[in-house]
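Asks: Before I ask anything, here is the structure I am working with.
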Amino acid sequence: MKSEILIEEEKIRKRVEELAAQLDKDYDGKSPVLVGVLKGSFIFLADLVRKMKTPHQVDFLTVASYDGGVKSTGVVRLVSDLSINIEGRHVLVVEDIVDTGLTTDYILKNLGTRNPASLEFVTLLDKRICRKADVPIKYAGFEIPDQFVIGYGLDYNQYYRNLPHVARL
Ligand code: IMP
């Protein structure tokens, strides 16, 4: 499979540091819960939390919207839920990529019913041009064009998540 580097490892590292610094500022004294959306966010989340100084907790949920291909099915399923109660907590959902926004919209509605003190989203990649649902993404690493990308947690058929950079297929 041929791929071409879109975002270099070093550029990702710098941007993750900037995001962590911004989050430290915004969440100072708030003890947030960072919710990683599996599987794609696991590398971004791991790098982000190691740059953050604000005390926080980490939890995960798993959603599925792709059937292993390169197009979202548009139907979002909750595959596994959080393990902690987020009522009254400042929740920051950590995503790998926001494409149509349907997954984010589903998470927003689902977690929103649990009465968090606040609910915000940080995504490494933003394919803003592909939006079908108007979702409020407060923090985004990079805006990218409408191309299928792999690496740094993102997969094609569950492969390539280990690439240190983001590449287009
Ligand atoms: P959305 O619901 O269309 O915003 O898609 C969100 C999910 O689709 C992401 O969390 C990814 O798992 C997956 N996804 C969207 N675009 C890409 C891509 O370019 N590469 C790999 N996965 C993607």
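So for the sequence shown, the numbering used here puts the first residue at 2; every next one is plus one. We put the CB at the ideal spot given by N, CA and C, even for glycine.
(1) When you measure from the CB of Ser32 to every non-hydrogen atom of ligand 1, does any distance come out below 8 Å?
(2) Beta-carbon within less than 8 Å of Glu88's beta-carbon, same chain only, minus the 5 sequence neighbours each way: which residues are those?
(3) Please tell me whether, using a cut-off of 8 Å, the distance from the CB of Val99 to the nearest non-hydrogen atom of ligand 1 is below it.
(4) Do Leu103 and ligand 1 come close, with the Cβ less than 8 Å from some heavy atom?
(5) Skipping 5 residues on each side, what residues in its chain have a beta carbon closer than 6 Å to that of Tyr161?
(6) Using a threshold of 9 Å, state whether the C-beta atoms of Leu125 and Ile13 are closer than that.
(7) Per DSSP, what kind of secondary structure is Thr124 in: helix, strand or coil?
(8) Helix, strand or coil for Asp27 per DSSP?
(9) Go to Tyr160, then tell me how far its alpha helix (DSSP H) extends in each direction, as first and last residue.
(10) For Lys139, which option in Val38, Leu93, Leu49 has the closest C-alpha, if you only look at C-alpha atoms?
Replies: According to the structure data:
(1) Start at 1 with the first residue of the sequence shown, and residue 32 comes out as number 31. It does not: the Cβ of Ser32 is nowhere closer than 8 Å to a heavy atom of ligand 1.
(2) Taking the sequence shown and counting its residues from 1, the one referred to as residue 88 is at position 87. Arg115, Asn116, Pro117.
(3) Numbered from 1 along the sequence shown, position 98 holds the residue referred to as residue 99. Yes, ligand 1 has a heavy atom inside 8 Å of this Cβ.
(4) In the sequence shown, counting from the first residue as 1, residue 103 sits at position 102. Result yes, Cβ under 8 Å from ligand 1.
(5) As a first step, residue 161 is located in the sequence shown; it is residue number 160 there, counting from the start. Excluding positions up to five away in sequence, the list reads Ile151, Gly152.
(6) Against the sequence shown, residue 125 aligns to sequence position 124. Against the sequence shown, residue 13 aligns to sequence position 12. Yes, Cβ-Cβ distance for Leu125 and Ile13 is below 9 Å.
(7) Numbered from 1 along the sequence shown, position 123 holds the residue referred to as residue 124. The answer is strand: DSSP assigns Thr124 an E or B state.
(8) The sequence position of residue 27 within the sequence shown is 26, counting from 1. Three-state result, Asp27: helix.
(9) Sequence index remark: in the sequence shown, residue 160 carries index 159 (1-based). Careful: Tyr160 lies outside any alpha helix (DSSP H) and carries neither H nor E.
(10) Position 138 of the sequence shown, counted from the first residue, corresponds to residue 139. Here the closest residue by C-alpha is Leu93.
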